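Be aware that the sequence shown starts at 4, since it is given in our numbering, and climbs by one per residue. Built from N, CA and C at the ideal position, the CB exists for glycine as well. Being a predicted model, the structure only gives us computed values, none of them experimental. Here's the structure, in structure tokens; my notes come after.
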Amino acid sequence: MSWHGRPFAFRVRVDVEHVEAQKYIGDYRLTRVAVTNLLDMLAEMDVHLTFAVLGITAEMFPNLIADIVDAGHEVYGHGMFHREAFAGRSLADQRHELRRMRDSIHAACGVEAVGLGCPHHGSADENTLRAAAELGITFVESRFRAAGTPFPQWRDVEGCDLRVVVPGAEARGASDYTDRRPDWADAHEEAFSPEGAREKWLANIDWAERHGHMASLVIHPWMLVINAGEIQVVKDVIRHARERGAWFATVAGLTEMASAADG
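The following block contains the structure:
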């Protein structure tokens, strides 16, 4: 199986979450500036990415979310509030949040969100998958992965006859980071390092190319503003992936691959 005719895939997810900007830098308005600047950069590069949007951010900045769609990028859901993780909550509670998320995104940009990128490092449980499936959200990016394959697959949801698409487990991923978030400081023990990030992110792409798999990168617009040098690293990494022939993965494209393999 190829990645839509390409030898490997690179997936960049942009998390649009003004509440995190407010929490860690004290100004939620920076989200609008940062996303707008990112859209300008991507237009210059002629690259289209996927944006995981909080429902509450879609309510706060509906025109911004519409701008993302108008620029040709893909929009899907990142939860409603970015508060507690999904895992461990009741089915009704998770379904309520995902319904609000879906409706808020649709009201902002007219797009029916059919994908979910779970916050809190992908924390999710079977109730998350079921709530998503019941609402027509067919792709769930979380700690649930298709074992033994780099490719996305349909996965049965426990307790019902519904299914969702999950990414393949044989992949490599990374995220930008900042020592303003204590949990990330524990992991990295440093402020953002452009040199370290470039080395790791490029290595992931090269690994994906060698093995015909997928590499992924999660970026946060507000971090692009406060992390010195990150925006140039992101440009370099995107340019490298394109030059090496990567398919820039989308939720729609991954779901299509899973359906084709499913017969």
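Problem set entry | As assigned by DSSP and simplified to three states, the class of Asp159 | Reading the sequence shown from its first residue, position 156 is the one you call residue 159. Reduced to three states, the DSSP call for Asp159 is strand.
Exercise. Do the stretch 92-102 and the stretch 126-135 make contact, defined as three or more Cβ pairs closer than 8 Å?
Worked result: yes
Exercise. Looking at Thr34 and Val19, is the spacing between their C-beta atoms short of 9 Å?
Worked result: Looking up residue 19 in the sequence shown gives position 16. Looking up residue 34 in the sequence shown gives position 31. The answer is yes: Cβ separation under 9 Å.
Exercise. Mind checking whether Met104 and Gly171 have CB atoms under 9 Å apart?
Worked result: Residue mapping note: residue 104 aligns to position 101 of the sequence shown, counting from 1. Residue mapping note: residue 171 aligns to position 168 of the sequence shown, counting from 1. Not in contact: Met104 and Gly171 (Cβ atoms no closer than 9 Å).
Exercise. Where does the unbroken beta strand (DSSP E) through Tyr79 begin, and where does it stop?
Worked result: Locating residue 79 in the sequence shown gives position 76, where the first residue counts as 1. Unbroken beta strand (DSSP E) run through Tyr79: 77-80.
Problem set entry | Opposing strand residues paired with Arg292 [DSSP bridges] | Nothing about residue 292 can be read from this structure; the chain reaches only from 4 to 266.
Exercise. Out of Cys121, Pro153, His85, Leu165, which has the shortest C-alpha to C-alpha gap to Thr26?
Worked result: As a position in the sequence shown, residue 26 is number 23, starting the count at 1. Contrary to the premise, residue 26 reads as Lys rather than Thr in this sequence. Per the Cα distances, His85.
Problem set entry | Stretch pair the stretch 203-223 + the stretch 63-71: three plus CB contacts closer than 8 Å | no
For this session: Can you give me the Cβ contacts of Leu227 inside the same chain, cut-off strictly under 8 Å, excluding the 5 residues immediately before and after it?
Result: Residue 227 sits at position 224 when you count from the first residue of the sequence shown. Closer than 8 Å at the Cβ level, and outside the excluded window around Leu227, lie Ala37, Asn40, Leu41, Asp179, Glu233, Ile234, Val237.
Exercise. Residues in its own chain within less than 7 Å of Val169 by CB, not counting five upstream and five downstream?
Worked result: Within the sequence shown, residue 169 is the residue found at index 166, counting from 1. Contacts found: Val143, Phe147, Arg148, Ala149, Pro155, Gln156, Arg158.
Problem set entry | Short Cβ contact (9 Å threshold) for Cys163 with Glu137 | Counting from 1 along the sequence shown, the entry for residue 163 is found at position 160. Counting from 1 along the sequence shown, the entry for residue 137 is found at position 134. Yes.
For this session: To the nearest angstrom, report how far apart Arg175 and Ala206 are at their CA atoms.
Result: Counting from 1 along the sequence shown, the entry for residue 175 is found at position 172. Counting from 1 along the sequence shown, the entry for residue 206 is found at position 203. CA-to-CA, the gap between Arg175 and Ala206 works out to about 10 Å.
Problem set entry | Contained alpha helix (DSSP H) runs [length at least 4] in the stretch 205-229, N- to C-terminal order | Counting only runs of at least 4 residues, the stretch 205-229 fully encloses the following alpha helix (DSSP H) elements, listed from N- to C-terminal order: 224-229.
Exercise. Which two residues bound the contiguous beta strand (DSSP E) that contains Val114?
Worked result: Locating residue 114 in the sequence shown gives position 111, where the first residue counts as 1. Per DSSP, Val114 belongs to no beta strand (DSSP E) and is neither H nor E.
Exercise. Taking the beta strand (DSSP E) that Asp18 falls in, what are its first and last residues?
Worked result: By one-based count along the sequence shown, residue 18 stands at place 15. From DSSP, the beta strand (DSSP E) with Asp18 extends over 12-19.
For this session: Please say whether Ala61 and Ala111 have beta carbons closer to each other than 9 Å?
Result: Within the sequence shown, the letter at position 108 stands for residue 111. Within the sequence shown, the letter at position 58 stands for residue 61. Cβ atoms of Ala111 and Ala61: closer than 9 Å.
Exercise. Which residue from Gly151, Ala46, Val22 puts its Cα closest to that of Met83?
Worked result: Position 80 of the sequence shown holds residue 83. Closest option to Met83, Cα to Cα, is Val22.
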